[in-house]
Every structure is written in C-alpha cells, then in structure tokens.
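Trainee: Following this message is one structure expressed as structure tokens.
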Amino acid sequence: MTLARRIRVTGIVQGVGFRPFVWRLAGELGLSGWVRNDGEGVDIAAEGPAAALDTLLLRLRSEAPPLARIESIAALDAPIHGHSSFIIAESASPCGLPARTSIGPDVATCPDCLTELFDPSGRRWRHAFITCTHCGPRYTVTRHLPYD
Numbered sequence: 067m068t069l070a071r072r073i074r075v076t077g078i079v080q081g082v083g084f085r086p087f088v089w090r091l092a093g094e095l096g097l098s099g100w101v102r103n104d105g106e107g108v109d110i111a112a113e114g115p116a117a118a119l120d121t122l123l124l125r126l127r128s129e130a131p132p133l134a135r136i137e138s139i140a141a142l143d144a145p146i147h148g149h150s151s152f153i154i155a156e157s158a159s160p161c162g163l164p165a166r167t168s169i170g171p172d173v174a175t176c177p178d179c180l181t182e183l184f185d186p187s188g189r190r191w192r193h194a195f196i197t198c199t200h201c202g203p204r205y206t207v208t209r210h211l212p213y214d
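Using this note's numbering, you'd call the opening residue of the sequence shown number 67 and step up by one each time.
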C-alpha cells in the first residue's frame, strides 16, 4: 500500500550534499516525490510503501553526509500526489522571512580532493580552488539562504 509523508530535516543540511544524498536514498528505496531546500532546512515529500518510508527516516540520520549535522527530523502523513519519480526540486523561497537554517563552517580540503589535486592525470590537477561536497568553503561563500 502506498503512503505519503512530508519530512522536515533541520540543522546543518544545506551546502553539504544533503539533497543529492536524499535523492540517491529515495531511488534505492523505490520512493517517488521530491526534496528541496527552504529557509528552515530541507523539505522532503516522499511516497511509497510504509516499510520504505520508515527505512528512509532511519537512514536520513544514520547515513547523512559527513558534514551534515541534523538537529531534528519530523515526519507527518500527507496526501498522495502520485509522483512518478523522485527529483531534486527548486528551493522554496522564504517569502521575506529570515532563514532559520545553519550553514556549516569552512572545511579543510579532504583526502580525496588532495589526491586529485596532485594526480597529473586528474581533471583538477593543480587546481587551486579544488573542493567537493565534503570539503571547502561554506560560511565564507554563502550569500543567502536557501543554499543552492
């Protein structure tokens, strides 16, 4: 039986690869719906079997990206919309309200990026500003929220 849930995740969940993580996880679990950033964190609409939705909730916290810091996860039953796939949706505008989400601190270059930086066959060999979703600037480059 297909169910639907709206899930709100708050904390440091923007600019850390959280939406692609949710997208991959939803695909693995056979869920449909969407994930987007908004002024409070990450908003998820997911549809699928109850067991898959329960697994999604457990794995959001246990397998979150390394730089994510989850403060809370809240889920509510929602109407079924019949989504055909799971997408990363455009961020929701905070409608002039101040954002209540957090941006993480800048992070040192990770081992994977350092390996690529010094590999002459790598795409970003000697690239001075190499970063990925697991490292690099966050706080110093963020101009507004939601973070896209």
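Note that CB positions come from ideal geometry on N, CA and C, so glycine has one too.
1) Tell me whether residue 178 sits in a helix, a strand or coil according to DSSP, three-state version.
2) If distances are taken between C-alpha atoms only, which option among 143, 128, 105 and 154 comes closest to residue 93?
3) Quick check on DSSP: helix, strand or coil for residue 128?
4) Excluding the 5 residues preceding and the 5 following residue 116 in the sequence, name in chain order all residues of the same chain whose CB lies nearer than 6 Å to its CB.
5) Pull up the CB-CB distance for residue 183 and residue 192, whole angstroms please, since I reckon it's below 8 Å.
6) Examine chain B for any beta-carbon lying closer than 8 Å to the beta-carbon of residue 88, and answer yes or no.
7) Mark residue 107 as exposed unless 16 or more other C-beta atoms lie within 10 angstroms of its C-beta, in which case mark it buried.
8) From the DSSP output, in three-state form, read off residue 171 for me.
Mentor: Judging by the given coordinates:
1) Against the sequence shown, residue 178 aligns to sequence position 112. Of the three classes helix, strand and coil, the one that applies to residue 178 here is helix, per DSSP.
2) The residue labelled residue 93 in the question sits at position 27 within the sequence shown. Checking every option, the nearest Cα to that of residue 93 belongs to 154.
3) Counting from one through the sequence shown, the residue named residue 128 turns up at place 62. Of the three classes helix, strand and coil, the one that applies to residue 128 here is helix, per DSSP.
4) Position 50 of the sequence shown, counted from the first residue, corresponds to residue 116. If we look at residue 116 and ignore the five residues flanking it on each side, its Cβ neighbours are 69.
5) Here residue 183 corresponds to residue number 117 of the sequence shown, with the count starting at 1. Here residue 192 corresponds to residue number 126 of the sequence shown, with the count starting at 1. Between residue 183 and residue 192 the beta-carbon gap is near 7 Å, inside 8 Å, which marks them as a contact.
6) This model lacks chain B altogether; it includes just one protein chain.
7) Taking the sequence shown and counting its residues from 1, the one referred to as residue 107 is at position 41. So residue 107 ends up on the buried side.
8) If you number the sequence shown from 1, residue 171 lands on position 105. In the three-state reduction of the DSSP assignment, residue 171 falls in the coil class.
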